[in-house]
Each structure stands twice: as C-alpha cells, then as structure tokens.
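K.L.:
Please read through the structure below; I'll follow up with questions.
Residue numbers (our numbering): 2 to 201.
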C-alpha cells in the first residue's frame, strides 16, 4: 500500500510527478481506464496554492481526469478562465532559440494535433467568457468566429487571421486564413497549396 501524497504545485517538475503518481497508482490497481477513480484519488491531494487553484477550476475540469491532467501539466498555475489559451512558455533571452511548449512537443502526427485541437474547441464552447485568446479548430471558412483576432488586411480590404495547420512532411505550420479563403495558406513558398483543416 502506497503512502498518502500531496500536491503543492511548487514547480513544473512536481506537476509532472503528481500526474505520474496518479497514473502509476491507477495502473497498479487496474484502474487506468477508470477516470472517476483517478479523479477521486487526486481530489484530497491538493494543498496550499494548488488547493486554491483546484477549488477555482470549472466543475467540468475538476470532475474530468483528462481535463484536469491537462490543466495541471499545461495551464497550472494560471487561472481556469484561460484553460483554453495556448500553453505559455517563458522567454528569458530573445536571442536564444526557445523550445515549444510541452503540449506541442507531444504531437507526433496529424491525428495527435486534431485530437488536441478538437478537445480545445470543446472547452472553448463550454466556457462563458469567450474573450480569452486561444487557438480554435476551423474545418471550413464558415467556422471562423466573429470575434477572431485580425492580424492582417489584404489589399482588397478583406481581413486576415493567423492560423496553423498540420502538414505530414513538415509538422505544424503557421500561415494565414480568412473568410474569403479556403483553408490556410502557409507562409512558406515551397508549399503552394492550402491546408484545409486548421486552428486560428
């Protein structure tokens, strides 16, 4: 029988260790597919600032282990109102290359990216305050929301938005999209075609 453990959220290493501990205990008990069991195991472990953070989370995050696991690994210690925001990375020196966030480093295929993007879109649809900037999955130009951030204007006056999409040969690419365009046009000359499904 393993001893009791707590989660204070002091740093990223403890966040990872806490999630790993939950997974290990679930595996030992044959509960790795029992999300309610894992939520129940994690519930009494929060203490200090982590307890305050956990108490402020939306109920759909507190009671859903995949959502809570992601919030701990990607969003903590930011408040729950920004759980749909892109993962944050700290830049101390702008002259040095910065590694992508952990959520992007975990992507290995287009399906991985789509699964993550669809999960984020579900979260966005559930939150009441939709003013927080976030990447939102767009599968047709008709899906572009009215409050989408404008990052450029065509010579014709039509609005442009920043976007990103998965390319099987090159991974996650950034580009531009708009309601007058079909899909995303990557910002690389070696790709002359557009990519339909994207986030913006």
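A virtual CB, placed ideally from N, CA and C, is assigned to each residue, including glycine.
This structure is a prediction, so every number in the text was calculated from the model and none was measured.
Hey, how far is the Cα of residue 31 from the Cα of residue 24?
P.N.:
Straight-line Cα distance between these residues: approximately 10 Å.
K.L.:
Check whether the stretch 147-156 and the stretch 166-174 are in contact - that is, three or more C-beta pairs closer than 8 Å.
P.N.:
The stretch 147-156 is not in contact with the stretch 166-174.
K.L.:
Under the rule that 16 or more other beta-carbon atoms within 10 Å means buried, what is residue 21, buried or exposed?
P.N.:
Counting Cβ neighbours within 10 Å, residue 21 comes out exposed, since fewer than 16 surround it.
K.L.:
Report the option in 122, 12 and 127 whose CA atom is closest to the CA atom of residue 140.
P.N.:
Cα-wise, what sits closest to residue 140 is 122.
K.L.:
Look at residue 179 and residue 161 and say whether their C-beta atoms are less than 9 Å apart.
P.N.:
Yes, the Cβ-Cβ distance between residue 179 and residue 161 is below 9 Å.
K.L.:
Please classify residue 175 as buried or exposed, where buried requires at least 16 other C-beta atoms within 10 Å of its C-beta.
P.N.:
Label assigned to residue 175: exposed.
K.L.:
Helix or strand or just coil, what does DSSP make of residue 5?
P.N.:
In the structure shown, residue 5 sits in coil (DSSP, three-state: anything other than H, G, I, E or B).
K.L.:
Can you pull the DSSP bridge partners for residue 177?
P.N.:
According to DSSP, residue 177 bridges with 163 and 186.
K.L.:
Rounded to whole angstroms, what's the CA-CA distance from residue 53 to residue 45? Just pull it up for me.
P.N.:
If you take the alpha carbons of residue 53 and residue 45, they lie about 12 Å apart.
K.L.:
I'd like the list of long-range same chain contacts for residue 16, defined as Cβ closer than 7 Å, with 5 residues on each side in sequence excluded.
P.N.:
If we look at residue 16 and ignore the five residues flanking it on each side, its Cβ neighbours are 10, 73, 74 and 77.
K.L.:
Compute the beta-carbon to beta-carbon distance between residue 8 and residue 47, rounded to the nearest angstrom, for a pair I have assumed lies under 8 Å.
P.N.:
So it is a contact: roughly 5 Å between Cβ atoms.
K.L.:
In the DSSP output, which residue or residues are listed as bridge partners for residue 172?
P.N.:
Residue 172 is bridged to 168.
K.L.:
Could you name the residues that DSSP lists as bridge partners for residue 47?
P.N.:
Bridge partners of residue 47: 8.
K.L.:
Output the boundary residues of the alpha helix (DSSP H) element that contains residue 145.
P.N.:
Premise fails: residue 145 is in no alpha helix (DSSP H) and is neither H nor E.
K.L.:
Determine the direct distance from the alpha carbon of residue 118 to that of residue 40, and round the result to whole angstroms.
P.N.:
Rounded to the nearest angstrom, the two C-alpha atoms are 23 Å apart.
K.L.:
Considering only the alpha carbon of each residue, which of 137, 113 and 36 lies closest to residue 64?
P.N.:
For the residues 137, 113 and 36, the minimum Cα distance to residue 64 belongs to 36.
K.L.:
If you run the structure through DSSP and keep just helix, strand and coil, what is residue 137?
P.N.:
Residue state, collapsed to three classes: coil.
K.L.:
Give me whichever residues DSSP pairs with residue 154 in a beta bridge.
P.N.:
Answer is 160.
K.L.:
Quick check on the burial criterion: 16 or more other C-beta atoms within 10 angstroms. Buried or exposed for residue 150?
P.N.:
Residue 150 should be labelled exposed.
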